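Notes for the one structure printed next.
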Amino acid sequence: MKKAYRRNSLRIAYGITMLVLLLTGSASALYDSEAQYFLGLINNYRAQNNLGKLIVDAKLQESANWMSNDMLPNCVNGKYTCSHTDSTGRTFVQRLRDFGYPAGLSASAAENIAWGYGGGASSAQQAFDLWKNSQGHRTNMLDSSFVAIGISRSCSAGDCAWVTDFGSMIVKPLNNDPTPTGAPKTGDINGNGKLTLLDAIYLAKHVGGFSGYEIIYADGDINANGIVTHVDAIYLAKHVGGFIGYETIY
Numbered sequence: 028m029k030k031a032y033r034r035n036s037l038r039i040a041y042g043i044t045m046l047v048l049l050l051t052g053s054a055s056a057l058y059d060s061e062a063q064y065f066l067g068l069i070n071n072y073r074a075q076n077n078l079g080k081l082i083v084d085a086k087l088q089e090s091a092n093w094m095s096n097d098m099l100p101n102c103v104n105g106k107y108t109c110s111h112t113d114s115t116g117r118t119f120v121q122r123l124r125d126f127g128y129p130a131g132l133s134a135s136a137a138e139n140i141a142w143g144y145g146g147g148a149s150s151a152q153q154a155f156d157l158w159k160n161s162q163g164h165r166t167n168m169l170d171s172s173f174v175a176i177g178i179s180r181s182c183s184a185g186d187c188a189w190v191t192d193f194g195s196m197i198v199k200p201l202n203n204d205p206t207p208t209g210a211p212k213t214g215d216i217n218g219n220g221k222l223t224l225l226d227a228i229y230l231a232k233h234v235g236g237f238s239g240y241e242i243i244y245a246d247g248d249i250n251a252n253g254i255v256t257h258v259d260a261i262y263l264a265k266h267v268g269g270f271i272g273y274e275t276i277y
């Protein structure tokens, strides 16, 4: 079976093996703090196996977001049995192509999905452990040809869906690196010589693509997870505000 068509799902229900996940969070699919934590977990796991880290690709992320949102009101709530074929009848390969990722063309791809209700995993760590302990899912996580990933979870009223899409090509990084070469780890994002809440606001607007905020003057990867997102802006705001656990800018 070609990697472009490799897919893995986990299920447990009514005598059929299903991985049941119970996750808390937003009803919308986001590359949120749990998804970012999952990225750190999988990249650490790959490093332990002498493999390169995965970069979040915007096209894979869009596909994963769509699929987790599609799964949530459908298979999670029992409308149909979830698979890598979505509610519109698309295979995961076709979905990836529809979102601009060349799965099965110039890039190979794979997908892991999980969904559930009634208990299971309430964190990225638990979801990671469940996939890690499943041979097919573990194979996708440790595929040496993959360099890109999209990670999404959608949750509502205690029911959740997770999707990870993998690819052998980076089409478009989720966030272009906005950090100037050699930029200091000061947190002084707007370069005015002071560290205030305005730096966090500046970084948030930069990540959001606001005009006039294209350049930052210090390393924006405040939490040192390898990417610059809205979570760094939140971390910086809490650092400025003196919140416990946010004393250090990495």
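According to this note's numbering, the sequence shown holds residues 28 to 277 in order.
Yeah, the Cβ is synthetic: ideal placement off N, Cα and C, and Gly gets one too.
On a predicted model such as this, the values are computed, not experimentally measured, just so you know.
- Under the three-state reduction of DSSP output, G218 falls in the coil class, being neither helix nor strand.
- The Cβ atoms of G214 and L224 lie no closer than 8 Å to each other.
- Taking the Cα of D97 as reference, the smallest distance to any Cα among E61, G116, H266 is reached at G116.
- Judged by DSSP in its simplified three-state form, G127 adopts coil rather than helix or strand.
- In the structure shown, G67 adopts helical secondary structure according to DSSP, grouped into three states.
- Contact between A151 and E61 is confirmed by a C-beta separation of about 4 Å, below the 8 Å threshold.
- The beta carbons of Q63 and T256 sit about 7 Å from each other, so the pair counts as a contact at 8 Å.
- Annotated as proximal: N92 and S179, with beta-carbon spacing under 8 Å.
- Between G127 and V198, the C-beta gap is smaller than 8 Å, which places the two residues in contact.
- Boundaries of the beta strand (DSSP E) harbouring R180: 175-183, taken from the DSSP string.
- N77 and F65 have their alpha carbons spaced roughly 18 Å apart.
- Using a Cβ distance threshold of 8 Å, A141 and I82 do not count as a contacting pair.
- Less than 8 Å separates the beta-carbon of I254 from that of L201.
- It is roughly 31 Å from the alpha-carbon of K80 to the alpha-carbon of F270.
- The closest CA to that of S171, considering only G67, A74, V267, S161, is found on A74.
- In the three-state scheme derived from DSSP, where H, G and I count as helix and E and B as strand, N250 is classed as coil.
- Under the three-state reduction of DSSP, I140 is assigned to strand.
- The DSSP-derived three-state label of T118 is coil.
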